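If you read the sequence shown in the numbering used here, its first letter stands for residue 307, the second for the next number, and so on.
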Amino acid sequence: MRTTPDRIRHAVSFEIIGLLLVMPLVSWLFGLPMQETGVIGIGGSMVAMLWTYLFNLGFDLVLRRFTGRTDKGLILRVFHAVLYEVGLVLALMPAIAWYLGITLWQALSIDIVFALFFMAYAFFFNLAYDWLFPVPE
């Protein structure tokens with residue numbers, strides 16, 4: 307299982323790289339100023355870093371309890387990414403609506419773009435991270 311410093315390195319690097327990629331995309335797609343996209347992105351990133359740590363720790367504990375291992379195959383990685391993003395969308399959607407002064411449905415559309423991007427990004431980032439920093443079993 308991963309150590310706490312490794313989980314922190316994972317969460318911080320994931321968020322920094324992801325923000326640099328997604329903020330210009332969301333700004334362009336929704337015609338939002340980069341300042342607003344930046345506030346949403348950085349605020350969401352802080353929530354996401356905490357969620358990343360807690361979700362991955364919980365997921366690994368459950369996985370180890372049921373399988374005795376923490377390595378993930380393709381189908382489990384897809385399930386992991388989808389479940390992670392659903393939880394994050396539910397947490398962030400009300401904050402986005404409040405900050406931008408828009409409806410929950412409008413916030414959902416923005417949040418879905420973030421979620422779709424980060425779902426694909428999480429899949430590839432975690433494959434690369436596991437390759438660069440293998441889990442000592």
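Built from N, CA and C at the ideal position, the CB exists for glycine as well. Being a predicted model, the structure only gives us computed values, none of them experimental.
Valine 345 and glutamate 321 have their alpha carbons spaced roughly 14 Å apart.
By the C-beta density criterion, tyrosine 405 is exposed, having fewer than 16 other C-beta atoms within 10 angstroms.
With respect to tyrosine 427, glycine 324 sits close: the two C-beta atoms are nearer than 8 Å.
Non-local C-beta neighbours of arginine 383 in its own chain, meaning closer than 8 Å and more than five positions away in sequence, comprise Phe429, Asn432, Leu433, ordered along the chain. The three-state reading of DSSP puts glycine 364 in helix, counting H, G and I together. Here the alpha carbons of threonine 309 and aspartate 417 stand approximately 30 Å from one another. With contacts defined as CB atoms closer than 8 Å, alanine 387 and methionine 425 qualify as a contacting pair. With respect to glycine 347, valine 328 sits close: the two C-beta atoms are nearer than 8 Å. Counting only the Cα atoms, leucine 360 lies some 33 Å from glycine 337. Annotated three-state conformation of threonine 373 is helix, per DSSP.
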